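As structure tokens, the structure follows; a few thoughts come after it.
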Amino acid sequence: MIFLEYPEEIRKVIYTTNAVEAVNSQLRKVTKNKRVFPNDNAVFKTLYLAIEYMTKK
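In the working numbering, the protein residues as written are 4 to 60.
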């Protein structure tokens, strides 16, 4: 595996970046399904609930 050929410090950064990208991808999916939110609080609540759901997985 090419991933394992990198030094440990670099692998940690790559792994962290992949995790962040996965979270961002899930949040984009949630907001993409509903294109218009009535107000800012609706967006925050939607993102909060999505993060709560992700942490339970």
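Ideal placement from N, C-alpha and C gives every residue a C-beta, glycine not left out.
Bear in mind the structure is a predicted one, so any value in this text is a computation, not a measurement.
So, with DSSP's three-state summary, where would you put phenylalanine 40?
Locating residue 40 in the sequence shown gives position 37, where the first residue counts as 1. The answer is coil: DSSP assigns phenylalanine 40 none of H, G, I, E or B.
Whether or not the region 14–26 and the region 44–51 are in contact is what I'm after, with contact meaning three or more pairs of Cβ atoms, one per stretch, closer than 8 angstroms; do they touch?
By the Cβ criterion, the region 44–51 is not in contact with the region 14–26, since fewer than three pairs of Cβ atoms, one from each stretch, lie closer than 8 angstroms.
Arginine 38 versus threonine 20: straight-line alpha-carbon distance, rounded:
Against the sequence shown, residue 38 aligns to sequence position 35. Against the sequence shown, residue 20 aligns to sequence position 17. Going from the Cα of arginine 38 to the Cα of threonine 20 covers about 27 angstroms.
Contact defined as beta carbons within less than 8 angstroms: I believe alanine 53 pairs with leucine 30. What is the distance between those atoms, to the nearest angstrom?
Here residue 53 corresponds to residue number 50 of the sequence shown, with the count starting at 1. Here residue 30 corresponds to residue number 27 of the sequence shown, with the count starting at 1. The beta-carbon separation of alanine 53 and leucine 30, rounded to 6 angstroms, stays under the 8 angstroms limit for a contact.
Per DSSP, what kind of secondary structure is lysine 60 in: helix, strand or coil?
Along the sequence shown, one-based indexing puts residue 60 at 57. Coil.
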